[in-house]
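Beneath this line is the structure, given in structure tokens, with notes to follow.
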Amino acid sequence: MTSSQPLALPGYAHVYSGKVRDLYAPLDDSGAPRADQLLLVASDRMSAYDFVLDTPIPDKGKVLTQLSLWWFERLTDLVPNHVVSTDVPAAVEGRAVLVRRLEMLPVECVARAYLTGGGLVEYRADGHVSGVALPEGLLDGSRLPEPVFTPSTKAPVGEHDQPMPYADVEAAVGASLADRVRGLTTAILARGNEIAAERGILIADTKVEFGLDGDDVVLADEVLTPDSSRFWPADLWEPGHAQPSYDKQYVRDWLTSPASGWDRSSGEAPPDLPADVVEQTRAKYVEAYERLTGRTFS
Ligand SMILES: Nc1ncnc(-c2cnn(Cc3cccc(F)c3)c2)c1Cl
């Protein structure tokens, strides 16, 4: 587990650190944290098997930030977003975004276009996922007839998000807002897959977060990145077994190979990654960005 201290950013106060991202508040002229903005910083840290790996992936934070910004631009017809500016300190250039501080809704808004992970476990138990009946005979990796809203609670640090019945979402934010974020979350994933499928990437599921700015529902956090979503290479898609991850497979394969000397069941932190695994992983993040956006990563 990395024990890295968050970067000190002059003119900003550190607010919170997630596994791979850090949150800061800009300071106002009197040196007090502003209440209306935040700085979202994406690190080069990578998470695997619920551990934050000690070995950073160079440019990961920048690639995912630029990809998320690209998706935000393509979703404005569906929903406004929290982006204020990319004019950020040089130390975090390209991997940080200045955003409007919102009243975040207490719901991890997840939508699934393909069945796997926790959704598959629920389906195998009773043919439903998040209370929605699915066709019989679906396999690991099966495409769903349409994206399904499968919200979860925001678990405390170190714990897994828990499935949140839709009735609990309504109780938490009201029926109208629940219906709104359900519609937006599934539409965002559908839009993402329309664009990604043409570029050889399947987005199996995604997590988005919404906040309120007054009465406006605003898309916050990050959107449709390999950290917030499962990215699968379309050409290897084959329902019936776990699909290879577009970006994480090299790391998973090495960590679970004898070469790493790591025993996943030991509960011990994984070892450092070898340079070739780091570079191959970096290349997959860059490849995903370039294929989706049509831009050259620099
Ligand atoms: N626009 C907003 N307004 C208010 N709060 C948030 C907010 C709080 N937490 N998170 C998740 C997170 C994003 C990055 C780095 C982390 F450490 C944690 C997002 C946002 Cl994005």
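One point on numbering: in the UniProt record's numbering, the residue at position 181 of the sequence shown is 181, and numbering is uninterrupted.
All C-beta atoms, glycine included, are put in the ideal place defined by N, C-alpha and C.
Annotated three-state conformation of residue 246 is coil, per DSSP. Around the CB of residue 238, fewer than 16 other CB atoms lie within 10 Å, so the residue is classed as exposed. With a minimum length of 3 residues, the unbroken runs of beta strand (DSSP E) contained wholly in the segment 104-191 fall at 109-114 and 143-149. Counting along the chain, the unbroken beta strand (DSSP E) around residue 232 starts and ends at 229-233. Measuring C-alpha to C-alpha distances from residue 77 to each of 20, 218 and 161 identifies 218 as the nearest. In this structure, the CA atom of residue 137 is about 17 Å from the CA atom of residue 112. About 29 Å separates the Cβ atoms of residue 95 and residue 116, ruling out a contact at the 8 Å cut-off. Under the three-state reduction of DSSP, residue 19 is assigned to coil, being neither helix nor strand.
Taking 8 Å as the cut-off, the Cβ atoms of residue 142 and residue 166 do not count as close.
If you measure from each CB to the nearest heavy atom of ligand 1, the residues under 6 Å come out as 16, 17, 18, 21, 22, 23, 38, 40, 82, 99, 100, 101, 102, 104, 211, 220 and 221.
C-alpha of residue 216 to C-alpha of residue 226: approximately 27 Å in a straight line.
By the criterion of a C-beta distance shorter than 8 Å, residue 81 is surrounded in its chain by 72, 75, 218, 219, 220 and 223, once the five residues flanking it on both sides are discounted.
Secondary structure note for residue 61: its alpha helix (DSSP H) is the uninterrupted segment 60-74. Residue 49 carries a coil assignment under DSSP once its states are collapsed to helix, strand and coil.
Take residue 274, set aside five residues on each side of it, and no residue of its chain has a beta-carbon closer than 6 Å to its own. With respect to the 8 Å criterion, residue 34 and residue 28 are classified as neighbours on the basis of their beta carbons.
When the beta-carbon positions are compared, residue 45 and residue 19 come within less than 8 Å of each other.
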